[in-house]
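Q: Sending over a structure as structure tokens; questions will come in a sec.
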Amino acid sequence: MIDHEVTQLPSEPDNPWSLALTIYLRGIAALLILLGLRHWLYIAGIFNEPGWTFESMTTEWQFVTIHLAVVDLVAAVGLWMRVSWGNVLWVYASVFEIAIHTVFSETFGLDPIIVGFHAVSLAVFAALVFMERRREAQLA
4 MIDHEVTQLP SEPDNPWSLA LTIYLRGIAA LLILLGLRHW LYIAGIFNEP GWTFESMTTE
64 WQFVTIHLAV VDLVAAVGLW MRVSWGNVLW VYASVFEIAI HTVFSETFGL DPIIVGFHAV
124 SLAVFAALVF MERRREAQLA
């Protein structure tokens with residue numbers, strides 16, 4: 004006996020928003036890998052520009068660099084695998100960066116590009132999750 008559900012090719016998903024969310028989160032994961040690796044380049048001392056070597060950074064920036072070097076890469080793995088802790092770490096890292104560039108702007112500087120990117124990416128994530136769950140409720 005052949006199980007046709009296992010042997011047939013995958014067709015269009017029942018919920019296209021689920022596919023859109025998966026593609027979006029994997030794109031964010033790819034960006035987080037690049038951002039995490041950028042922080043590791045700072046730690047390793049690849050950039051010889053003044054202020055960009057780890058030793059010349061202030062203690063506050065050293066903490067943020069080490070913190071984001073780890074959190075961004077772990078969140079990227081979690082997002083790629085589509086596990087819940089990946090979403091949690093990514094939201095945490097985004098809120099952390101928004102906070103350091105707004106609430107603590109006197110220490111880390113106000114960076115509207117980083118704040119805007121994280122705010123928009125979180126808003127798109129929330130919209131996709133809402134649409135996915137609404138479609139699942141319609142199908143049920």
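As numbered in my numbering, residues 4 to 143 make up the sequence shown, in order.
Note that the Cβ used here is the ideal one computed from N, Cα and C, for glycine as well.
On a predicted model such as this, the values are computed, not experimentally measured, just so you know.
Check whether the region 82 to 96 and the region 54 to 67 are in contact - that is, three or more C-beta pairs closer than 8 Å.
A: In short, these stretches do not touch, since the Cβ pair count stays below three.
Q: Which value, in whole angstroms, describes the spacing of the CA atoms of residue 141 and residue 27?
A: Rounded to the nearest angstrom, the two C-alpha atoms are 22 Å apart.
Q: On a CA-only basis, which of 49, 102, 120 is nearest residue 112? Give me that one, please.
A: When only C-alpha atoms are compared, the closest one is 102.
Q: What three-state label does DSSP hand residue 137 in the structure shown?
A: The answer is helix: DSSP assigns residue 137 an H, G or I state.
Q: Measuring only the C-alpha atoms, how far is residue 110 from residue 66?
A: Roughly 12 Å separates the two Cα atoms.
Q: Looking at C-alpha atoms only, which residue of 42, 77, 83 is the closest neighbour of residue 64?
A: Ranking 42, 77, 83 by Cα distance to residue 64 puts 42 first.
Q: Between residue 138 and residue 20, what straight-line distance do the alpha-carbon atoms span, to the nearest angstrom?
A: Residue 138 and residue 20: Cα-Cα distance of roughly 8 Å.
Q: Since I believe residue 123 is in contact with residue 105 (beta carbons under 8 Å), could you give me their beta-carbon distance rounded to a whole number of angstroms?
A: Not quite, the Cβ-Cβ distance comes to about 15 Å (not below 8 Å), so this is no contact.
Q: Here's the rule I'm using: 16 or more other beta-carbon atoms within 10 Å means buried, otherwise exposed. How should residue 49 be labelled?
A: Counting Cβ neighbours within 10 Å, residue 49 comes out exposed, since fewer than 16 surround it.
Q: Quick one: which unbroken beta strand (DSSP E) runs of 3-plus residues sit fully inside the region 36 to 82? Chain order, please.
A: Listed in chain order, there is nothing to give.
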